[in-house]
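Below is one structure, written out as structure tokens, with a few remarks after it.
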Amino acid sequence: MIPYFSPPVFHIGALEVHAIGLAVCLAILAGHSLALRRARTLGLDERRMSWIYAGVAVAAAIAGHLWVIAGTGSPAHLLEIWRGQSAAGFTAGALLTVLFVLWRYGSDGWRYLDALAFAFPFAWTLVRTGCFLAHDHIGAPTTSPLGVQFPDGTRFDLGLLEALLALIASAGMVLFSRRLKLPGQMFGLLLLSAGTARIFIAAASEGSSVLTTDFEAVLLALLGSAVLVSRSVHFRLPTGSPAPPISHTNLPVR
């Protein structure tokens with residue numbers, strides 16, 4: 005089992021820096037760098053990729069904070085976005101932005117979402133590592149070797165569990181990046197992976213709202229499966245049909 009430790013705090017002069025804040029900043033920078041690198045590999049416009057990344061991140065963070073405010077019924081910290089984030093709200097904000105990207109850029113939007121999907125698990129690993137360091141998502145009692153020995157008993161630390169699952173998803177993205185060549189497939193894999201991970205997190209949670217665990221997990225998994233199937237069918241030619249004209253919009257990206 006993992007020994008309990010107090011959340012790390014660093015001091016730079018009079019400035020107090022919490023580990024979770026540092027982890028979030030590193031996640032934003034790492035995610036942006038990886039998204040641009042992947043966009044470059046896919047031959048996409050890096051400036052557009054940067055704007056899409058920023059839009060998804062900002063919309064998700066705002067929605068995640070508003071979800072918490074709506075749940076507590078207290079608008080006292082409405083403008084302090086760093087005071088409370090909900091995974092369900094974060095997901096809702098990100099998905100709404102994804103719909104806008106697909107509406108705005110059409111078929112090319114899938115390729116930008118693929119680049120974003122490649123980078124996301126790496127960034128999420130860092131974010132959830134920060135949550136583990138802060139111990140801000142404590143789960144159910146357990147005797148598992150992954151349990152943390154909190155002062156009131158050994159429990160799952162959901163930040164640690166999700167960081168490990170995100171790390172596995174990151175490895176999956178690298179492994180499948182050369183195999184999933186059709187636009188939208190990487191994004192579908194991300195949704196499926198996220199939904200599966202949330203199912204495990206729901207099982208280790210205690211007293212969580214249905215909307216923040218089981219429903220969100222199943223919805224993401226179903227959406228991911230639907231995207232993977234629909235994108236594969238979209239690019240599958242009917243038997244005996246002539247091949248479509250060659251263009252940058254229908255060629256699988258290598």
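Okay, so the sequence shown: first residue is 5 according to my numbering, each after it adds one.
Positions of the beta carbon are idealized from the N, C-alpha and C atoms, including for glycine.
So, with DSSP's three-state summary, where would you put residue i?
i, result
"residue 161", "strand"
"residue 215", "Model confidence at residue 215 stands at a pLDDT of 45, short of 50, so the residue's coordinates are unreliable; what they give is reported in the following sentence. It is helical."
"residue 9", "coil"
"residue 153", "strand"
Between which residues of its own chain and residue i is the CB-CB distance below 8 Å, once the five residues before and five after are set aside?
i, result
"residue 11", "22, 23, 24, 137, 138, 139"
"residue 235", "114, 186, 187, 188, 189, 192"
"residue 165", "143, 150, 204, 205, 208"
What residue range is occupied by the uninterrupted alpha helix (DSSP H) comprising residue i?
i, result
"residue 120", "112-138"
"residue 189", "189-208"
"residue 108", "91-109"
By Cβ distance below 7 Å, which residues in the same chain neighbour residue i in space, the five residues on each side in sequence not counted?
i, result
"residue 124", "35, 194"
"residue 218", "206"
"residue 122", "38, 42, 177, 181, 190"
Could you please give the first and the last residue of the uninterrupted beta strand (DSSP E) stretch that includes residue i?
i, result
"residue 19", "19-22"
"residue 143", "142-145"
Of the residues the options, which one's Cα is nearest the Cα of residue i?
i, options, result
"residue 42", "99, 177, 230, 72", "177"
"residue 221", "201, 231, 209, 229", "201"
"residue 90", "5, 154, 135", "135"
"residue 199", "181, 223, 179, 30", "223"
For residue i, I'd like the list of residues in its chain whose CB is within less than 6 Å of its CB, leaving aside the five on either flank, ordered along the chain.
i, result
"residue 15", "none"
"residue 197", "173"
Between residue i and the ligand MN, is the CB less than 8 Å from at least one heavy atom?
i, result
"residue 29", "Annotation note on the ligand MN: not contained in the displayed structure, which lists no ligands."
Next on the checklist: Does the contact criterion of 3 or more C-beta pairs under 8 Å hold for the segment 106-122 versus the segment 159-168?
Outcome noted: no
Next on the checklist: Any contact between the segment 95-110 and the segment 164-174? By contact I mean 3 or more CB pairs, one from each, below 8 Å.
Outcome noted: no
Item to check | Three CB pairs or more closer than 8 Å across the segment 56-65 and the segment 98-108 | outcome: yes
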